[in-house]
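Residue 1 is where the sequence shown starts when you use full-length UniProt numbering, and the numbers rise one by one after that.
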Amino acid sequence: MTHELKEIIQQATVNQQQGIQNVLATVVDLDGSSYRKPGVRMLLSSDERIIGTISGGCVEKEIQRRAQSVFENNKPKIVTYDGRYRLGCEGILYILLESFYLTPEFIHAFSENNIQREPYDITSFFQKEDEAHGNFGSIIQFNNQQVFSFNKELDTEKTDQLATFKQTLQPLFRLLIIGGEHDAVKLCTQATQLGWEVDVITSIKDPKELTDFPGAKSVIAQTPEVIQLSHVNNNTAVVIMNHNFTYDLRWLIKLQEQNPAYIGILGAAKRREKLFNELFEFSPNVSDEFLDKIHTPAGLNIGAETPEEIALSILAEILSVIRNKEVFSLKKITGRIHN
1 MTHELKEIIQ QATVNQQQGI QNVLATVVDL DGSSYRKPGV RMLLSSDERI
51 IGTISGGCVE KEIQRRAQSV FENNKPKIVT YDGRYRLGCE GILYILLESF
101 YLTPEFIHAF SENNIQREPY DITSFFQKED EAHGNFGSII QFNNQQVFSF
151 NKELDTEKTD QLATFKQTLQ PLFRLLIIGG EHDAVKLCTQ ATQLGWEVDV
201 ITSIKDPKEL TDFPGAKSVI AQTPEVIQLS HVNNNTAVVI MNHNFTYDLR
251 WLIKLQEQNP AYIGILGAAK RREKLFNELF EFSPNVSDEF LDKIHTPAGL
301 NIGAETPEEI ALSILAEILS VIRNKEVFSL KKITGRIHN
């Protein structure tokens, strides 16, 4: 959800500079089931623009209408939306509407926190009642203990009797692509559409520019023996797509020093055993945990043929791994999709 909040903050900053008011809508509670869960947000602006979504698109206009009083008097409130009669979702959403004002100090702290790839906490105070008004609002706290309120009306010393919704948001999920061919560009494009932070490493024999990979955060040309990797942890996936067996092996040896959540390697299934045998020769003490992270050929078996389809299958496999989900068709589910 960090990428959604990042987009909201970017737009809210632009709105403030243009004298446009902002109201933040946050789903803070839910009775039953819904398309999206507590913690999702959207930005409403006084020029009637909407950034983000808290449902499948049916709720947003209604919430925008009910937010008009917040634009007029800056007083936060809780509204409900009963999807049982309108959406078929069998749930009631509790939505906090609050004025959203960003100080320069907050914008700087949020930017620095993203650069350092640190998690952060958001706590919302509310009352579980439709059209309820009160000392409601949200605060955000970073790892350096800096705390900021989303709205200037909130008195944090008078929230003891209120319900709270607290969530910890992780830094943007990171995808490290090792390769610079056409299929790597397609993977980069789709990953950025998911809100992932994408870094690309190409061969020094065929270096590429940032403009070659739309949406990427960085593009460098380097060898595995020389490069210094950072932030390759359980919030990172690595996809090796060099189309070169030797180069793939060199990168696997290098990645043993890191702890990614997923390592995908392009190539035919028949080269997998050879790749593992060579890896054992160079690194006889390679751990089972590291081997379990390796997925080759990368991607789910969805019949992908084109570079775009292959990218989709790889991203779907990464999601299934980081969400710890067994892959099967949703039509086989008879109960709720989400626990």
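Every residue, glycine too, gets a C-beta built ideally from N, C-alpha and C.
In the structure shown, T156 falls within a helical segment according to DSSP collapsed to helix, strand and coil. The Cβ atoms of P284 and R250 lie no closer than 7 Å to each other. Partner residues in the beta bridge of V239, as assigned by DSSP, are I177 and G264.
K293 counts as buried, since no fewer than 16 other beta carbons sit within 10 angstroms of its beta carbon.
Taking a contact to require three or more Cβ pairs closer than 8 Å, the region 207–214 and the region 257–273 do not qualify as touching. Look at the beta carbons and you see the region 175–182 touching the region 234–252: at least three pairs across the two are nearer than 8 Å. Within the same chain, and ignoring the five residues on either side of N15 in sequence, the residues whose Cβ sits closer than 7 Å to its Cβ are N22 and S45.
The C-beta of T164 has fewer than 16 other C-beta atoms within 10 Å across all chains shown, which makes the residue exposed. Nearest Cα to T123 within the set T202, I63 and V40: V40. Buried is the label assigned to N151, since at least 16 other Cβ atoms lie within 10 Å of its Cβ. About 14 Å separates the CB atoms of A216 and P207; that is not less than 8 Å, and the two are not in contact.
By the Cβ-count criterion, P171 is buried, with 16 or more other Cβ atoms from all chains shown falling within 10 Å of its own Cβ. Put simply, the backbone Cα of K158 is about 7 Å away from that of N135.
Burial check for G32: the Cβ neighbour count within 10 Å stays below 16, so the residue is exposed.
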